[in-house]
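Written out below as C-alpha cells is the structure these notes cover.
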Amino acid sequence: MMASRGLPTHTLQFLSPKRSCRRSPASKKCITWTSSTLCPTKTQKVLKAPNCDLFDTSKLSRSNHLRTIISGYNFNQYRDFRSAARQPRDHHFDTLKFVRRLQEEGFTEAQSVAMMKVLSDVIEESIRNLTRTMVLREDQAKATYTQKVDFAKLRTELLSADSTESATTRASHERLTNDLAKLNSRLRDEINRTQASVRLDLNLEKGRIREEANVQELKIKETETKIEQAVAHLREKLEGVKFQTLQWLMGVCTGIKFIGFSVFDMLTTGRYGGTHTRCLETIDVGATLVLTISDVSQINTVCNIKKENSG
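So for the sequence shown, the numbering used here puts the first residue at 209; every next one is plus one.
This is the structure:
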C-alpha cells in the first residue's frame, strides 16, 4: 500500500480499492470508483462515457496494475470538470511531493501532473460543497453579536413593557379596589337607611292598626251594648204586652162572670126591678175593674218609658 503521509483523505479514498465515490447529479460529469462494475468495451482501460468516468480497482494491484490503467486514460480530454474559467485557489496538499511520489511509483511527469490536478479538482469541489453551508468566523461573530444586541434590546423592551404593564395593572387594581370599597360603603348606608325607613313605617303602621283596632273594638262594644239594650227593651215590651194581655183577659173574664151571674140571677128570680138595678151595679163594677186594670197597665208603660229615657 502507498504511504499515506502528506496525502489528504480524498487521495487515499481514490487510490484504495473497493471504494465508491459519486459526485452530485447536478454536475455535468460524474466520476465513479466502484468495485464491481467493469467497462463493457475495455477490461483494463475503464473509460466508459464522456459524461461518466469509471475507474475499477477491484482486479488491479496497488502498484503494478495502476500504471496500466492510468497509461490508457487520456487526462487531457477529461481533465476539465467545469465550464467556468479557472480561478486561482489554494492547494490543500503538497502537490509537488505528490507528483514526485507518483513518479517514484513509475508514472511519467505528465501523468503525475494530470493525476495531481484531478485530485486537486476533486478535493476543491468537495471542500466547496462543504463550505457552501458554512460561514466565516467574522460573519458568525457579527451575527452572534447582532443577535446578542437584539436579544438585549428585546429583553430591555420586555422588561420595560412588563414594568409599565405591571404599574398600570397595579394602579387599575388599586383604583378598582377603592371604587369597590366606596360602593360597598354606599350600599351599606343605603341598606341601613332603607331598613330604618321600613322599620319606622312598620312601627307607624302598627300604631295606626292598633288604634284602628281599639276604635273598632270600642264600636263593637257600643254595638253590643246597644243590642243588649234593645233586646232588654224588647223583652220588657214583651213582658208588658203579656201583662196587659193578662190584665185585659182578667178584666174581661171578671166582667163576663159578673154579667153571667146577673143574667142568671134575673132569670131565676123573675124580678126585674131590683134585679135590673143589681145587674147594672154588677156591670158597673166589672167595667170599673176593667178600667182600673187598663189604667194600671198604662201607668206601668209610662214608668218604663221614663226609665229608658233616664238611662
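Every residue gets a Cβ at the ideal spot worked out from N, C-alpha and C, and that includes glycine.
{"query": "Considering only the beta carbon of each residue, do V307 and M324 sit closer than 8 Å?", "result": "yes"}
{"query": "Using 10 angstroms around the beta-carbon of G468, count the other beta-carbons present and answer buried if the total reaches 16, otherwise exposed.", "result": "exposed"}
{"query": "Measure the Cβ-Cβ separation of T303 and S334 and say whether it is below 8 Å.", "result": "no"}
{"query": "Could you check where the alpha helix (DSSP H) with R443 kicks off and where it finishes?", "result": "R345 to T477"}
{"query": "Under three-state DSSP, which class holds M173?", "result": "This structure leaves residue 173 out entirely; the chain is present only between 209 and 519."}
{"query": "How would you call V330, buried or exposed, if buried means at least 16 neighbouring beta carbons within 10 angstroms?", "result": "buried"}
{"query": "Secondary structure at R309, three-state DSSP: helix, strand or coil?", "result": "helix"}
{"query": "Quick check: what's the CA-CA separation for N400 versus N411?", "result": "16 Å"}
{"query": "Measuring only the C-alpha atoms, how far is R363 from Q355?", "result": "12 Å"}
{"query": "Should G415 be labelled buried (16 or more other beta-carbon atoms within 10 Å of its own) or exposed?", "result": "exposed"}
{"query": "If you drop the 5 nearest sequence neighbours on each side, which residues of the same chain put their C-beta closer than 7 Å to that of M396?", "result": "Correcting the residue type first, residue 396 is Arg in the shown sequence and not Met. Nothing listed; no residue qualifies."}
{"query": "Reducing DSSP to helix, strand and coil, say where D302 ends up.", "result": "coil"}
{"query": "Report buried or exposed for A389, applying the criterion of at least 16 other Cβ atoms within 10 angstroms of its Cβ.", "result": "exposed"}
{"query": "Measure the C-alpha to C-alpha separation of L408 and I428 and round it to an integer number of angstroms.", "result": "30 Å"}
{"query": "Helix, strand or coil: how does DSSP classify R340 here?", "result": "coil"}
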